[in-house]
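Chemist: Once you've had a glance at the structure underneath, I'll fire off some questions.
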Amino acid sequence: MDIVFIEDLRIDTVIGIYDWERRVRQALSFDIEMAFDNTVPAASDDIALTLNYKDVSKRLIGYVGESSFGLVETLAERCAAIIREEFGVSWVRLKLSKPGAVRGAKAVGVRIERGTRPD
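Counted the way full-length UniProt numbering counts, the sequence shown spans residues 1 to 119.
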């Protein structure tokens with residue numbers, strides 16, 4: 001199994017359950033791993049055959065930037081669904097971090113896996 005990854009994708013959005021969180025934009029960090037067979041694009045050297053991480057990043061930046069969820073869990077689920085459904089990814093592992101949300105911790109958040117991980 002090959003993995004295409006995006007690491008530390010920073011996106012500003014409205015997220016949180018407290019009143020003060022609803023009035024400000026906060027930076028979230030995304031680490032994403034996606035299963036993809038890279039043998040075909042590697043053989044042809046054709047970007048059109050790849051899982052284009054720039055396209056995935058742009059889609060998530062647009063979606064997350066316009067969203068306004070209370071829970072990081074909800075946002076993580078929606079982002080994983082976009083990746084799987086719109087980009088034809090059979091398996092995704094997504095880590096969504098909320099830096100600085102808890103005093104004394106670098107970040108908090110969730111890590112989810114969706115789909116069937118190929119061997």
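Every residue gets a Cβ at the ideal spot worked out from N, C-alpha and C, and that includes glycine.
Looking only at its chain, what residues have a beta carbon closer than 6 Å to the beta carbon of E33, apart from the 5 residues adjacent to it on each side?
Modeler: If we look at E33 and ignore the five residues flanking it on each side, its Cβ neighbours are I3, F5, R93.
Chemist: Would S97 be called buried (16 or more neighbouring beta carbons within 10 Å of its own) or exposed?
Modeler: So S97 ends up on the buried side.
Chemist: Going by C-alpha distance, which of S68, E66, G115, L75 is nearest E85?
Modeler: E85 has its Cα closest to that of G115, out of S68, E66, G115, L75.
Chemist: For G109, name the three-state secondary structure that DSSP assigns.
Modeler: The answer is strand: DSSP assigns G109 an E or B state.
Chemist: Quickly, what does DSSP pair G115 with across the bridge? List them, please.
Modeler: For G115, which the question treats as bridged, DSSP gives the partners W91.
Chemist: If I measure Cβ to Cβ from Y63 and keep anything under 8 Å in the same chain, skipping five residues before and after, which residues do I get?
Modeler: Contacts found: R78, C79, I82.
Chemist: Using a Cβ-Cβ cut-off of 8 Å (strictly less than) and excluding sequence neighbours within five positions of V40, which residues of its own chain qualify?
Modeler: Within the same chain, V40 has close Cβ partners L49.
Chemist: Just to confirm before moving on: does the CB-CB distance between I17 and F30 stay below 8 Å?
Modeler: It is not a contact, given that the beta carbons lie outside the stated cut-off.
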